[in-house]
Amino acid sequence: SATDVVFVDTEDKLESMSKTFSDLQSLSTEAHDDILDFVIGIDCEWRPTGMYSDDFDGNSVALLQISVPALRTIFLVDTYALLRPGLSQSDAMDRTEALLSEAITAIFQATTII
2 SATDVVFVDT
12 EDKLESMSKT
22 FSDLQSLSTE
32 AHDDILDFVI
42 GIDCEWRPTG
52 MYSDDFDGNS
62 VALLQISVPA
72 LRTIFLVDTY
82 ALLRPGLSQS
92 DAMDRTEALL
102 SEAITAIFQA
112 TTII
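Okay, structure coming up:
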């Protein structure tokens, strides 16, 4: 069957993606025989910048790709659309930034996701 590609560039789509990750965490390993039910692939893409470019932005991630084979879904997270540019670690996150942070944290802290 086909793979769904979901472009995540709004808060609503981000909330839906985050819920999907929460639902994956609740899967019981005993009810699933396929290890792919618990695998998530993550890749990042950066906007190319030349060595002598005047618009160097610190090479922040432009696109976060999250593949969930068990759901036959790939999420393409447009970080330029969702995050404020130049956000420092000391700046408070807005709602959208917090949602993305929580979604990514859920993936890395899950005990049933590889």
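In the working numbering, the protein residues as written are 2 to 115.
Glycine residues also receive a C-beta, built at the ideal position from the N, C-alpha and C atoms.
In this text the structure is predicted, and so the values were computed from the model without any measurement.
Sub-8 angstroms separation of T97 and L15 beta-carbons: yes
In chain order, what residues of the same chain lie with their CB nearer than 6 angstroms to the CB of V9, ignoring the 5 residues before and after it? L15, M18, F76, V78
Compare the beta carbon distance of I41 and V69 with 8 angstroms and say whether it is the shorter of the two. yes
At what residues does the alpha helix (DSSP H) containing I108 begin and finish? 96 to 110
Measuring alpha carbon to alpha carbon, tell me which of G87, M94, T112, L101 ends up nearest Q66. L101
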